[in-house]
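Q:
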Amino acid sequence: MSSGLEFNDEVNHALKMAYQTPDIVSARGHVVEALNLIEGQQVLDIGSGPGLLVRDIAQQVGPSGAVLGLDMADNMLESAKALCSDFKTVTFKHGDAMSLPFPDNSFDAVVSTQVYEYVPDLNTALSEFARVLRPGGRGVIVDTDWAFPYWHSMDVTIRDRMIEAWKGHCEQESVPMRLPASIKLSGLQLENVQALPIMNRAYDEMNFSYWLSKIIAAFSIGRHGVIQDEAERWLADFEKLDTKGKYFFCINRYLFELTKPATF
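Take any residue in the sequence shown, count from 1 to its spot, add 1264: that is its number in the working numbering.
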């Protein structure tokens, strides 16, 4: 569910690879743990992407439960359907976080990861989240603070331009600091917040930042004055730093645990 990021084949591949790195596998584990699911529950994943979290949730709720993945990107939906084809309790639907195509109080649990930085109106999106969650239900939201990624670079000028261009891929780069107020306005109860830092000291395919750098490079060309040669030099810079043992990347995601009051 993106405003500026187009899910072409290159981006789609890089995202799927990034989601399978140990960094993100670990983050998904935190999400599943925070949801505290039990067998038989009905769960909605808003912005389900390639379906990896949906698959994990399906294993938790078992054959008597159900999981519905919602996304706006058709190629992501197709990938997710293929990944989860062996789960009869899983379905996927095209839809928008701003106007969820479900009745009130439809789900025991609702989760959304890396979605709300892309919505044009955070309060409306959170109101929809609250509307479809049943009273007494649990919710989890994970979003990244894109205002403060850190990448060690030998060319700080190019790095800063690349990061500045990347900020244009979303509606709001610092959505985690805005979420508590929007959650309160929605009527949901904020139970806990935890930081999920991602730190990489190697530049290789097993690390999240490797794939993120490919996505940023592809997105940034033609934006904020970035040309292809600069994007290529930026990526080559990481290869050189890695060879010297000097590569470093860090960014924070934030996980918000929510409940819907029984008297909502």
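Positions of the beta carbon are idealized from the N, C-alpha and C atoms, including for glycine.
1. Of all the options Tyr-1382, Ser-1391, Gly-1432, Ala-1373, which has the alpha carbon lying nearest to the alpha carbon of Glu-1521?
2. DSSP beta-bridge partners for Gln-1458?
3. How would you label Glu-1274, buried or exposed, when you count the other beta carbons within 10 angstroms and need 16 or more for buried?
4. For Val-1420, does the count of other Cβ atoms within 10 angstroms reach 16, so buried, or fall short, so exposed?
5. Asp-1407 to Phe-1502, Cα distance in whole Å?
6. Starting from Ala-1429 and walking both ways along the alpha helix (DSSP H), at which residues does that stretch end?
7. At which residues does the alpha helix (DSSP H) containing Ala-1495 begin and terminate?
8. For the region 1456-1473 against the region 1277-1286, are there 3 or more C-beta pairs whose distance is under 8 angstroms?
9. Bridge partners of Arg-1402, per DSSP?
10. Which residue from Leu-1460, Thr-1388, Gly-1486 puts its Cα closest to that of Lys-1448?
11. Determine, using beta carbons only, whether Ala-1538 and Ser-1312 come nearer to each other than 7 angstroms.
12. Over the uninterrupted alpha helix (DSSP H) stretch that includes Ile-1288, give me the two end residues.
13. Cα separation between Arg-1319 and Ser-1438?
14. Hey, would you say Met-1362 sits closer than 7 angstroms to Val-1331, going by beta carbons?
15. Can you name the residues that DSSP bridges to Met-1463?
16. Between the alpha carbons of Gly-1333 and Leu-1308, how many angstroms are there, rounded?
17. Which same chain residues, not among the five before or five after Pro-1461, have their C-beta less than 7 angstroms away from its C-beta?
18. Counting only the same chain and skipping the five closest in sequence on each side, list residues whose C-beta sits under 6 angstroms from that of Asp-1287.
19. Please report the Cβ distance between Leu-1452 and Ala-1394, rounded to the nearest whole angstrom; I am assuming they are in contact, meaning their Cβ atoms lie under 8 angstroms.
20. Taking 7 angstroms as the threshold (beta carbon to beta carbon), is Glu-1435 in contact with chain C?
21. Rounded to the nearest angstrom, what separates Phe-1351 and Leu-1386 at their Cα positions?
22. Compute the distance between the beta-carbons of Ile-1480 and Val-1379, then report whether it is under 7 angstroms.
A: Reading it off the structure:
1. Ala-1373
2. Leu-1519
3. exposed
4. exposed
5. 25 angstroms
6. 1420-1430
7. 1492-1507
8. yes
9. Ala-1373, Thr-1523
10. Thr-1388
11. Outside the shown range of the chain, which is 1265 to 1528, sits residue 1538, and nothing can be said about it.
12. 1286-1299
13. 29 angstroms
14. no
15. Cys-1514
16. 6 angstroms
17. Cys-1514, Asn-1516
18. Ile-1462, Phe-1472
19. 5 angstroms
20. Of the chains in the structure shown, none is chain C; there is only one protein chain.
21. 32 angstroms
22. no
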